[in-house]
Amino acid sequence: MEFNWDSLDTWTVVIGGLSAVAAAMPGCFLVLRRMSMMGDAISHAILPGIAMAFLLTHTRITAIMFIGAACAGLLTAAFTQCISKYGKVDRGAAMGIVFTTLFAIGLILIRQSAKHVELDPGCVLYGSLEYSVIDVVQIGALEVPRAVISIGSVMCINVLFIVLLYKELAASSFDPSLANTLGFNSGLIHYLLMMVVAVTTVAAFESLGSIIVIAMLIVPPATAFLLTKNLAHMLVLSAVVGLLSAFLGHLGAMAIPPVFGLEATVSSGMMAVAAGALFFSAWLFSPSQGLFLRLGERREHAGRPLPPTAGEGS
Amino acid sequence: MKSFVDDREAPTDGRPEHPDNIPLSIHDLTVAYGRKPVIWDVELNIPEGKLVGVIGPNGAGKSTLLRACQDLVPKTSGEVQIYGKPYKEQRRMVGYVPQRESVDWDFPVSALDVVAMGTYGTLGWFRRVGKKQKAISLECLERVGISHLADRQISQLSGGQQQRVFLARALAQDARLYFMDEPFAAVDAATEQAIVSLLRGLNADGKTCLVVHHDLASVTQYFDWLVLLNMRVVASGPTDEVFTRENLQKTYGGKLSLLDDVADRLRNVGR
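For the protein sequence lines, the chains are A and B, in the order given. Mapping of the first sequence onto the working numbering: residues 1 to 314, in sequence order. Mapping of the second sequence onto the working numbering: residues 1 to 271, in sequence order.
This is the structure we're talking about:
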């Protein structure tokens, strides 16, 4: 097995890694707020936002796409809120209604204007990392993929968002009522977070596709949650897990198929697989709550309720 | 239906009767979820420096009353004044201990982190927790007797310890009026004692506490003022005046078995 690692591979990993870090920041709070599905919903629902922005302006200027996506993201959050409040259906169902409808509208918009639109419905789902890498702009002596710039900026914004609003996000996620009584509007923070998710998704989905973005929003934070019980550590760890997924994913996409005599596969897909594998390892081996550890020391904690483990023989 | 103490002025302990001397004044408060009213025409004046027990059957609207006072649920009608002004202007005066089950205790923070949240109000947006806030938080944990658990992740605390963390957080808010939603629910005896002495300490400092309480047997022991609530205020006043069989019957309706449990105690207080 031989590797030909060139600059395209490096850029692939950079784009994947930046997306993963950008997504992991708001993703941690989605996971902690028990609203992981909101990432799913928003990543689909931004489609009509992007399509509308494109149809109205006939440009693919990134800023306009971001505005369209952010609006769609806010609408998703607002509609979900309204439907679950007044429609007498639970939050999950409300989310399902809103994002499938918006996604469908987006698809119709794109199909109807297929002649003059360069958006491809297929690429929405699984992205086009391979093309993102060669779509470059010249910065000084370096050719940098456009995606690196857009995703890199979004990642910086997200990190800044988390650093600036760390205590507000923590308080409103842990105890929204208390946050309100302290004068931090939980609703406002919720919508800010949803906007950040939407913008992150639109920055990353062109390269990675919406499904992989969902994986990057949820899986690295969920993995980090298993490894630490400290919020700040969780944020950092989720970024590390995201970066690792991007690297291992691309490596895997290059290395694994040839073992079976196949051609190298899509890196973005493999990145999500790598993230899943990392989560599984954390679930098994986490030093604080891994499966093995729980099996090992279940007797020592008489006072602390532990979930009953399968195969308890004695 | 009007409570029989409503038309009477609250005891003043010699203090002048000014609205801004009344920690909590509620006028004509109605809260409804959809079309179903939860609390109805509530009139209340709570004098300063009292330990107030809020009692009533399940679904009587006790939590809703506390939440409505803090703008956490929309008021259908009526107004609430905290020391003579609307809640919005008086946030800092108020500390809140929500029900323990209202939050996710798997959240990745330590006991100290949770207590420090009580200082966020004075910090305001964007500013971070510093040494001063940490020192305050540790001191508050000390006051509830669990400063040795400061770095413990909150899911590793017992129910009673979690409740103490919530109380310490309210202490960190350094308020004058405290709303506590069932702080005694499902806690161990040691914690119950710790909470009681904490309440007495707050009382001695002149703070006012509204405590939603379920155990009628301990009411006379813990509280010097009572609000009996069942959608409407059945009675509000000094415990030894309003904790009567008649009022309890009005509040709890036909649930006499429950009342039998306190019959002895009622006899003991000589009623």
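Each residue gets a CB set at the ideal place from its N, CA and C atoms; glycine is no exception.
Straight-line CA distance for residue 29 of chain B to residue 200 of chain B?
-> Taking the first residue of the second sequence as position 1, residue 29 of chain B is located at position 29. Taking the first residue of the second sequence as position 1, residue 200 of chain B is located at position 200. Those two C-alpha atoms are separated by around 29 Å.
Comparing the C-beta of residue 153 of chain B with each C-beta of chain A, is any distance below 8 Å?
-> The count along the second sequence starts at 1 and reaches residue 153 of chain B at position 153. Interface residue, yes.
Among all the DSSP beta bridges, which residues are the ones paired with residue 44 of chain A?
-> The count along the first sequence starts at 1 and reaches residue 44 of chain A at position 44. DSSP, once it has assigned bridges, lists no residue as partnering residue 44 of chain A.
Excluding the five sequence neighbours on either side, which residues of its own chain have a C-beta within less than 7 Å of the C-beta of residue 150 of chain A, listed in chain order?
-> What you label residue 150 of chain A is simply residue 150 of the first sequence in a count that begins at 1. 62, 203.
Cβ of residue 159 of chain B versus every heavy atom of the ligand SAH: is any distance shorter than 7 Å?
-> Absence of the ligand SAH from the depicted structure is noted, as is the absence of any ligand whatsoever, leaving it without description.
Stretch pair the segment 68 to 77 of chain B + the segment 153 to 172 of chain B: three plus CB contacts closer than 8 Å = Result no; under three Cβ-Cβ pairs closer than 8 Å.
Let me know the alpha helix (DSSP H) ranges lying completely inside the segment 51 to 118 of chain A, each 4 residues or longer, listed in chain order.
-> Counting whole runs of 4 or more residues, the segment 51 to 118 of chain A contains the alpha helix (DSSP H) stretches 62 to 86, 91 to 112.
Who are the Cβ neighbours of residue 87 of chain A in its own chain at under 7 Å, not counting the five residues just before and after it?
-> Taking the first residue of the first sequence as position 1, residue 87 of chain A is located at position 87. Hits under 7 Å: 94.
Is the CB of residue 84 of chain A under 8 Å away from at least one CB in chain B?
-> Taking the first sequence and counting its residues from 1, one reaches residue 84 of chain A at position 84. No, no contact with chain B.
Counting Cβ pairs closer than 8 Å, one from the segment 141 to 150 of chain B and one from the segment 34 to 48 of chain B, do we hit at least three?
-> Short answer: they don't touch.
For residue 206 of chain A, which residues from the same chain have a beta carbon less than 6 Å from its beta carbon, with the 5 sequence-adjacent residues on both sides left out?
-> For the purposes of this step, residue 206 of chain A is taken as the residue at position 206 of the first sequence. Result list for residue 206 of chain A: empty, nothing under 6 Å.
Beta-carbon contacts of residue 194 of chain B that lie in its chain and below 7 Å, excluding the five residues immediately before and after = Translated into positions along the second sequence, residue 194 of chain B becomes position 194. So the qualifying residues of the chain are 144, 145, 164.
Is the beta carbon of residue 112 of chain B less than 8 Å from the beta carbon of residue 141 of chain B?
-> On the second sequence, residue 112 of chain B is found 112 positions in, with the first residue counted as 1. On the second sequence, residue 141 of chain B is found 141 positions in, with the first residue counted as 1. Taking 8 Å as the Cβ cut-off, residue 112 of chain B and residue 141 of chain B qualify as a contacting pair.
With burial defined as no fewer than 16 other Cβ atoms inside 10 Å of the residue's Cβ, what is the status of residue 225 of chain B: buried or exposed?
-> Numbered from 1 along the second sequence, position 225 holds the residue referred to as residue 225 of chain B. Buried: at least 16 other Cβ atoms inside 10 Å.
Answer yes or no: do residue 83 of chain A and residue 67 of chain A have a C-beta to C-beta separation smaller than 8 Å?
-> Position 83 of the first sequence, counted from the start, is the residue given in the question as residue 83 of chain A. Position 67 of the first sequence, counted from the start, is the residue given in the question as residue 67 of chain A. Pairing residue 83 of chain A with residue 67 of chain A gives a Cβ-Cβ distance that is not under 8 Å.
Give the C-beta separation of residue 229 of chain B and residue 61 of chain B to the nearest angstrom, bearing in mind that I take them to be a contact with Cβ-Cβ under 8 Å.
-> As a working note, residue 229 of chain B is residue 229 in the second sequence. As a working note, residue 61 of chain B is residue 61 in the second sequence. Correct: roughly 6 Å between the Cβ atoms.
With 8 Å set as the bound, which would you pick, yes or no: does the beta-carbon of residue 168 of chain A sit closer than that to a beta-carbon of chain B?
-> For the purposes of this step, residue 168 of chain A is taken as residue 168 along the first sequence, with counting starting at 1. It does: the Cβ of residue 168 of chain A has a partner Cβ on chain B nearer than 8 Å.
Check each candidate in B/27, B/23, B/104 and name the one with the smallest Cα separation from residue 173 of chain A.
-> What you label residue 173 of chain A is simply residue 173 of the first sequence in a count that begins at 1. Residue 173 of chain A has its Cα closest to that of B/104, out of B/27, B/23, B/104.
So what's residue 83 of chain B in DSSP terms, helix, strand or just coil?
-> Residue mapping note: residue 83 of chain B aligns to position 83 of the second sequence, counting from 1. Reduced to three states, the DSSP call for residue 83 of chain B is coil.
Does the beta carbon of residue 72 of chain B sit closer than 8 Å to a beta carbon anywhere in chain A?
-> Residue 72 of chain B sits at position 72 when you count from the first residue of the second sequence. Output row for residue 72 of chain B: interface = yes.
Indicate the three-state DSSP secondary structure (helix, strand or coil) for residue 43 of chain B in the structure shown.
-> As a first step, residue 43 of chain B is located in the second sequence; it is residue number 43 there, counting from the start. Residue 43 of chain B: strand per DSSP, three-state reduction.
Cβ of residue 177 of chain A within 8 Å of any chain B Cβ | The sequence position of residue 177 of chain A within the first sequence is 177, counting from 1. At a cut-off of 8 Å between C-beta atoms, residue 177 of chain A counts as an interface residue with respect to chain B.
Closer than 8 Å to chain A by CB, residue 117 of chain B | The residue given as residue 117 of chain B occupies position 117 in the second sequence. With 8 Å as the cut-off, residue 117 of chain B counts as an interface residue toward chain A.
Taking residue 69 of chain A and residue 49 of chain A to be in contact with their CB atoms under 8 Å, please state how far apart those CB atoms are, rounded to whole angstroms.
-> Residue 69 of chain A sits at position 69 when you count from the first residue of the first sequence. Residue 49 of chain A sits at position 49 when you count from the first residue of the first sequence. Going by Cβ atoms, the distance from residue 69 of chain A to residue 49 of chain A rounds to 5 Å, so yes, they are a contact pair.
Take the Cβ of residue 311 of chain A as the centre, count every other Cβ of all protein chains shown within 10 Å, and call the residue buried at 16 or more, exposed below.
-> The count along the first sequence starts at 1 and reaches residue 311 of chain A at position 311. Confidence in residue 311 of chain A is poor, its pLDDT being 39 and thus under 50, which makes the residue's placement unreliable; the coordinate value appears in the next sentence. It is exposed - the Cβ of residue 311 of chain A has fewer than 16 other Cβ atoms within 10 Å.
Should residue 86 of chain B be labelled buried (16 or more other beta-carbon atoms within 10 Å of its own) or exposed?
-> The residue you call residue 86 of chain B lines up with position 86 of the second sequence. Under this definition residue 86 of chain B is an exposed residue.
For residue 185 of chain B, three-class secondary structure by DSSP = Taking the first residue of the second sequence as 1, we reach residue 185 of chain B at position 185. Residue 185 of chain B: coil per DSSP, three-state reduction.
Determine, using beta carbons only, whether residue 253 of chain B comes closer than 8 Å to chain A.
-> The residue you call residue 253 of chain B lines up with position 253 of the second sequence. Taking Cβ atoms only, chain A never reaches closer than 8 Å to residue 253 of chain B, which makes this a no.
Under 8 Å from the C-beta of residue 128 of chain B: neighbouring residues of chain A | Indexing the second sequence from 1 puts residue 128 of chain B at position 128. Under the 8 Å cutoff, chain A gives 166, 167.
Classification of residue 237 of chain B by the beta-carbon crowding that lies within 10 angstroms, buried from 16 upward | For the purposes of this step, residue 237 of chain B is identified with residue 237 of the second sequence, where counting begins at 1. It is buried - the Cβ of residue 237 of chain B has at least 16 other Cβ atoms within 10 Å.
Quick one: does residue 230 of chain A have its CB under 8 Å from some CB of chain B?
-> Position 230 of the first sequence, counted from the start, is the residue given in the question as residue 230 of chain A. By the rule that beta-carbons nearer than 8 Å mark a contact, residue 230 of chain A touches chain B.
Counting only the same chain and skipping the five closest in sequence on each side, list residues whose C-beta sits under 6 Å from that of residue 186 of chain A.
-> By 1-based counting over the first sequence, the position of residue 186 of chain A is 186. The answer, listed in chain order, is 172, 176, 179, 180.
Output yes or no for whether 8 Å exceeds the beta carbon distance between residue 47 of chain A and residue 106 of chain A.
-> Sequence index remark: in the first sequence, residue 47 of chain A carries index 47 (1-based). Sequence index remark: in the first sequence, residue 106 of chain A carries index 106 (1-based). In contact: residue 47 of chain A and residue 106 of chain A (Cβ atoms closer than 8 Å).
Out of curiosity, what's the CA-to-CA distance linking residue 73 of chain A and residue 41 of chain A?
-> Position 73 of the first sequence, counted from the first residue, corresponds to residue 73 of chain A. Position 41 of the first sequence, counted from the first residue, corresponds to residue 41 of chain A. As the crow flies, the alpha-carbon of residue 73 of chain A is around 9 Å from that of residue 41 of chain A.
Boundaries (first-last residue) of the alpha helix (DSSP H) holding residue 285 of chain A = Here residue 285 of chain A corresponds to residue number 285 of the first sequence, with the count starting at 1. Counting along the chain, the alpha helix (DSSP H) containing residue 285 of chain A begins and ends at 267 to 285.
Could you tell me whether the segment 266 to 277 of chain A touches the segment 237 to 251 of chain A, using the rule of 3 or more Cβ pairs below 8 Å?
-> The segment 266 to 277 of chain A, when compared against the segment 237 to 251 of chain A, does touch it at the 8 Å Cβ threshold.
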